[in-house]
Amino acid sequence: MASLLVLKGANQGQSIPLSTDKVILGRDPNCQVVLNGTAVSRTHALILRLQEKFFLEDLKSRNGTFLNNEPITGRKQLKNNDRIKICDF
């Protein structure tokens with residue numbers, strides 16, 4: 005099963021399984037992955053599973069979402085060992 009590995013922050017080292025078709029990352033407590041940081045938007049980014057492939061999309065956040073140190077626009081397909089950066093996370 006695909007998962008996210010947290011590399012920074014209070015949950016460093018935690019593995020988060022991507023077990024649903026839609027995972028929202030943000031600081032809102034209703035997000036599937038909650039990132040507690042003032043620079044993080046309430047609903048910051050989305051990981052979407054389509055036909056067993058995973059995609060990352062920025063949800064019009066104020067500070068952007070980065071994939072392998074590059075800002076993303078639109079939907080980007082994820083590969084093994086990609087690095088997602090959201091503010092300080």
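Counting the sequence shown from 1 gives a position; the working numbering is that position plus 4.
Each residue gets a CB set at the ideal place from its N, CA and C atoms; glycine is no exception.
From a predicted model like this one, the values you see are computed outputs, not experimental measurements.
Problem - Terminal residues of the beta strand (DSSP E) in which R46 lies - result: Along the sequence shown, read from residue 1 onward, the residue named residue 46 stands at position 42. Careful: R46 lies outside any beta strand (DSSP E) and carries neither H nor E.
Practice task
Give every residue of the same chain whose Cβ lies closer than 7 Å to the Cβ of A6, excluding the five residues on either side of it in the sequence, and list them in chain order.
Solution key: Indexing the sequence shown from 1 puts residue 6 at position 2. The answer, listed in chain order, is L22 and F58.
Practice task
Tell me, please, whether the region 61-81 touches the region 37-52 by the rule of three or more beta-carbon pairs shorter than 8 Å.
Solution key: yes
Problem - For Q3, the three-state DSSP class (helix, strand or coil) - result: Outside the modelled stretch of the chain, which goes from 5 to 93, sits residue 3, for which no answer is possible.
Exercise for the section: Excluding the 5 residues preceding and the 5 following Q18 in the sequence, name in chain order all residues of the same chain whose CB lies nearer than 7 Å to its CB. Expected result: The count along the sequence shown starts at 1 and reaches residue 18 at position 14. Around Q18: V10.
Practice task
Quick one: using the 10 Å Cβ neighbour count with 16 as the cut-off for buried, is T24 buried or exposed?
Solution key: Here the question's residue 24 lines up with position 20 in the sequence shown. By the 10 Å Cβ count, T24 comes out exposed.
Exercise for the section: Kindly give me the distance between the Cβ atoms of C91 and V44, rounded to whole angstroms, as I take these residues to be in contact under 8 Å. Expected result: Walking along the sequence shown from the start, residue 91 turns up at place 87. Walking along the sequence shown from the start, residue 44 turns up at place 40. Indeed, because the Cβ distance is near 5 Å, the residues count as touching under 8 Å.
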